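Residue numbers (the working numbering): -4 to 642.
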């Protein structure tokens, strides 16, 4: 839902804006729930419906005499669908994060919300738990007019703001060349529109940057803040799945990493009856719901991936295509050694109609290792329900009557590294609470023997064994502190297999550094003069040090102004990406200078033409634009950490 000023004129409302108020006012009427002065506007929220004249009656007689009902705007109440709002078209008055935060606070009672900045602080989001504050922001903000008749756009969804992202752009294309191409293609397309009587550039803000987070992809990204929502749709149609240089380019709505992760969770793989091209598959999926993005499998063009904006639209595919969720899977850990796939299916029997497969994963298991399993489900909801069940239900089996363990699940991510990172995070979480380390177990002991020993003291949430020369070190996490303490008391100094074992807490120690007292300030006595009326020697003003002769051969450079630059031209660098800069050959002497007054510039081994528009292909110079290998682009890697410093 996006907020706007296009609603029909109201005659009654609980939300009023009085224009041209130049003084701070305090309204004491009992019907006023909230009021604040925003620029030269007085915004008022009342407990009952008011007319324009009713709002004027709240003012003092002197101020009321200066206004008419035409100075009052009645705003339609807008209730957001979630606890987060998104903003673009930020005016100069609120151009920084701190300025924007101060500005938004004036709309709120609670004053507690989190602001995040994106795209060089041209786009913001706020997260707030107070529904009334969110309603006031959505309702009043579009009616606040800034210099140049500008308005801030606010919405409760990224998909309602005119912000798009180009991804998979070749790194060899400089920012200036890409912007020139954009302008030429967009202007040409808009000039063909008969309704466009004058030159119109829909780009409000342009950001071009290297894809720093993409590990296996050398590409650039471009973020565009556009003037209208219609402009965003139009430019996506022009460029999405087009070829720029030799690369297939993707154009999607801009979303933050948190939203993107949520969308990706519901990505589905669709089996197609025949091979399709990228654009054809995208248009086909649009028949079943609002599409965020699509792609074809890199090897088989009869397999497509689709992410819908609303995951409920996936159900529309059921009667038309075979599909499966890409991430309705989980790795499940902490079972006794010897647990089989059938044992896990029995443990998860309440989800037998949802589970597609259970696979034993650690094929090279030893008696000292615990098995783990890969479980695939039919739906994301089924995965979530299973994970909740595992978190609350200990594993029980007649095969392991003396062992009490609590399994845990790690839902799979887009790649193995991300999944393993979640596993490491979970392991670290376990080690910070109710965790012990046991040293000295004999080399021949097995994991199940240790599990039995520890299960007599409580239920085990995490377990690992590490070989240390001629013994094993065991890490055990229990469910609560009483079980942990009982294990430490019972097992410490116990003899197992002729060896004494030692138990210690694995929880990190909290170091309390001693607080040093602040040194007392020694204030001079009121009469600091000596008997002769002169200040003591220690209070005499020190003379500045003599300046050294800078031209003397024996003089030392003044290191206070030491520099790195010289006046020489930078080193020549032939080929180094898009640009290469040489550093001055001479290190600065007396003063800190520049890093070389002349910068060496690298050469770019590519020629760029003006950009020919042939259907959906854009050609730079003589570059070929044959289809490269299609692949599902890892969109999350496109986000630059500099833009998302709150995450």
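Even for Gly, the Cβ is constructed at its ideal location relative to N, Cα and C.
All figures in this text were calculated on a predicted structure; none of them were measured in a lab.
Nearest-angstrom Cα separation, counted from residue 229 out to residue 65
Working through the chain shown from its first residue, we reach residue 65 at position 70. Working through the chain shown from its first residue, we reach residue 229 at position 234. Residue 65 and residue 229 have their C-alpha atoms roughly 37 Å apart.
Candidates 151, 324 and 91, of which the one nearest residue 410 by Cα
Indexing the chain shown from 1 puts residue 410 at position 415. Comparing alpha-carbon positions, the option among 151, 324 and 91 lying closest to residue 410 turns out to be 324.
Residue 615, buried or exposed, once every other Cβ within 10 Å from all chains shown has been counted against 16:
The sequence position of residue 615 within the chain shown is 620, counting from 1. Low per-residue confidence applies at residue 615: pLDDT is 41, beneath 50, and the placement is therefore not dependable enough to give any value.
On the DSSP letters alone, give me the boundaries of the alpha helix (DSSP H) that residue 215 sits inside.
Counted from its first residue, the chain shown places residue 215 at position 220. Not the alpha helix (DSSP H): residue 215 falls in the beta strand (DSSP E), residues 214 to 221.
Roughly how many angstroms lie between the CA atoms of residue 272 and residue 298, to the nearest whole one?
Locating residue 272 in the chain shown gives position 277, where the first residue counts as 1. Locating residue 298 in the chain shown gives position 303, where the first residue counts as 1. Straight through space, the alpha carbons of residue 298 and residue 272 are spaced by roughly 11 Å.
Below 8 Å, can you find three or more Cβ-Cβ pairs linking the region 143 to 163 to the region 218 to 235?
Segments in contact, yes.
Specify whether the region 233 to 248 and the region 260 to 267 touch according to this definition: at least 3 beta carbon pairs, one from each stretch, less than 8 Å apart.
As far as the Cβ criterion goes, the region 233 to 248 does not touch the region 260 to 267, which means the pair count is below three.
May I ask you to report which of helix, strand or coil DSSP gives residue 437?
For the purposes of this step, residue 437 is taken as residue 442 along the chain shown, with counting starting at 1. Residue state, collapsed to three classes: strand.
With a 10 Å radius around its C-beta and 16 neighbouring C-beta atoms as the bar for buried, classify residue 569 as buried or exposed.
The sequence position of residue 569 within the chain shown is 574, counting from 1. Any reading at residue 569 must be qualified, since the residue scores a pLDDT of 39, below 50, and its modelled position is unreliable; the value itself is stated next. Exposed, by the Cβ-count rule.
Could you tell me which residues DSSP pairs with residue 459 in its beta bridges?
Within the chain shown, residue 459 is the residue found at index 464, counting from 1. As computed with DSSP, residue 459 is found in a beta bridge with 470.
Where do the ends of the beta strand (DSSP E) carrying residue 109 lie?
Within the chain shown, numbered from 1, the residue matching residue 109 stands at position 114. Residues 109 to 113.
Could you check how far apart the C-beta atoms of residue 471 and residue 433 are, in whole angstroms? I think they sit under 8 Å.
As a working note, residue 471 is residue 476 in the chain shown. As a working note, residue 433 is residue 438 in the chain shown. Correct: roughly 7 Å between the Cβ atoms.
The beta strand (DSSP E) spanning residue 385 covers which residue range?
Start at 1 with the first residue of the chain shown, and residue 385 comes out as number 390. For residue 385, no beta strand (DSSP E) run applies; the uninterrupted alpha helix (DSSP H) run containing it begins and ends at 375 to 387, by DSSP.
Report yes if the CB atom of residue 258 is closer than 8 Å to the CB atom of residue 283, and no otherwise.
Position 263 of the chain shown holds residue 258. Position 288 of the chain shown holds residue 283. Residue 283 is positioned such that its CB atom lies no closer than 8 Å to that of residue 258.
Which of the three DSSP states, helix, strand or coil, is assigned to residue 73?
Here residue 73 refers to the residue found at position 78 when the chain shown is read from its first residue. The answer is coil: DSSP assigns residue 73 none of H, G, I, E or B.
In the DSSP assignment, find the beta strand (DSSP E) that holds residue 452 and state where it starts and stops.
Taking the first residue of the chain shown as 1, we reach residue 452 at position 457. Element bounds for residue 452: n/a, residue is neither H nor E.
Sequence-distant residues of the same chain with beta carbon closer than 8 Å to residue 270, five excluded per side:
By 1-based counting over the chain shown, the position of residue 270 is 275. Non-local C-beta neighbours of residue 270 in its own chain, meaning closer than 8 Å and more than five positions away in sequence, comprise 296 and 297, ordered along the chain.
Inspect the beta-carbon positions of residue 32 and residue 19 and report whether they are closer than 8 Å.
Counting from 1 along the chain shown, the entry for residue 32 is found at position 37. Counting from 1 along the chain shown, the entry for residue 19 is found at position 24. With a cutoff of 8 Å on beta-carbon distance, residue 32 and residue 19 are scored as near each other.
Measuring only between beta-carbons, confirm whether residue 19 sits less than 8 Å from chain B.
You won't find chain B in this structure, because it holds only one protein chain.
Can you name, in chain order, every residue of its own chain whose Cβ lies under 7 Å from the Cβ of residue 254, other than the five neighbours on each side?
The sequence position of residue 254 within the chain shown is 259, counting from 1. Cβ within range, chain order: 153.
Alpha carbon of residue 372 to alpha carbon of residue 87, nearest angstrom:
Start at 1 with the first residue of the chain shown, and residue 372 comes out as number 377. Start at 1 with the first residue of the chain shown, and residue 87 comes out as number 92. Residue 372 and residue 87: Cα-Cα distance of roughly 50 Å.
Please list the terminal residues of the continuous beta strand (DSSP E) segment that includes residue 27.
As a position in the chain shown, residue 27 is number 32, starting the count at 1. For residue 27, the enclosing beta strand (DSSP E) begins and ends at 27 to 33.
With contact counted as at least three CB pairs below 8 Å, one residue from each stretch, are the region 90 to 104 and the region 162 to 175 in contact?
Contact fails: fewer than three Cβ-Cβ distances are below 8 Å.
Looking only at its chain, what residues have a beta carbon closer than 8 Å to the beta carbon of residue 450, apart from the 5 residues adjacent to it on each side?
Counting from 1 along the chain shown, the entry for residue 450 is found at position 455. Exclusion of the five residues before and after residue 450 leaves 397, 398, 399 and 400 as the residues of its chain whose Cβ lies within less than 8 Å of its Cβ.
Span separating the alpha-carbon of residue 330 from that of residue 390
Numbered from its first residue, the chain shown carries residue 330 at position 335. Numbered from its first residue, the chain shown carries residue 390 at position 395. Going by the C-alpha atoms only, they are around 7 Å apart.
For the beta strand (DSSP E) that contains residue 122, what are its first and last residues?
One-based indexing of the chain shown puts residue 122 at position 127. First-last of the beta strand (DSSP E) with residue 122: 118 to 122.
Can the beta-carbon of residue 121 be found closer than 8 Å to that of residue 109?
Looking up residue 121 in the chain shown gives position 126. Looking up residue 109 in the chain shown gives position 114. In this structure, residue 121 sits near residue 109, with a CB-CB distance shorter than 8 Å.
How long is the line joining the alpha carbons of residue 117 and residue 36, rounded to whole angstroms?
Against the chain shown, residue 117 aligns to sequence position 122. Against the chain shown, residue 36 aligns to sequence position 41. When the Cα atoms are used, residue 117 and residue 36 turn out to be separated by approximately 24 Å.
State the Cα-Cα distance for the pair residue 104 and residue 78, rounded to the nearest angstrom.
Numbered from 1 along the chain shown, position 109 holds the residue referred to as residue 104. Numbered from 1 along the chain shown, position 83 holds the residue referred to as residue 78. So the two alpha carbons sit approximately 15 Å from each other.
Rounded to the nearest angstrom, what separates residue 363 and residue 479 at their Cα positions?
Residue numbering aside, residue 363 sits at position 368 when the chain shown is read from its first letter. Residue numbering aside, residue 479 sits at position 484 when the chain shown is read from its first letter. For residue 363 and residue 479, the gap between their C-alpha atoms comes out near 22 Å.
For residue 306 versus residue 261, is the C-beta spacing smaller than 8 Å?
Reading the chain shown from its first residue, position 311 is the one you call residue 306. Reading the chain shown from its first residue, position 266 is the one you call residue 261. A contact, by the Cβ cut-off of 8 Å.
Continuous beta strand (DSSP E) assignments of at least 3 residues falling wholly in the region 324 to 356:
With a minimum length of 3 residues, the unbroken runs of beta strand (DSSP E) contained wholly in the region 324 to 356 fall at 324 to 328 and 350 to 355.
From the DSSP output, in three-state form, read off residue 137 for me.
Within the chain shown, residue 137 is the residue found at index 142, counting from 1. Judged by DSSP in its simplified three-state form, residue 137 adopts helix.
I need the DSSP call for residue 240, collapsed to helix, strand or coil.
Here the question's residue 240 lines up with position 245 in the chain shown. It is coil, neither helix nor strand.
Give a yes or no on whether the C-beta atoms belonging to residue 221 and residue 199 are separated by under 8 Å.
Against the chain shown, residue 221 aligns to sequence position 226. Against the chain shown, residue 199 aligns to sequence position 204. Contact check for residue 221 against residue 199 passes: the beta carbons are separated by less than 8 Å.
Starting from the C-beta of residue 106, find all residues in its chain whose C-beta is less than 6 Å away, skip the five residues before and the five after it, and write them out in chain order.
Locating residue 106 in the chain shown gives position 111, where the first residue counts as 1. Sequence-distant Cβ neighbours of residue 106 in its own chain, meaning closer than 6 Å and more than five residues away, are 100.
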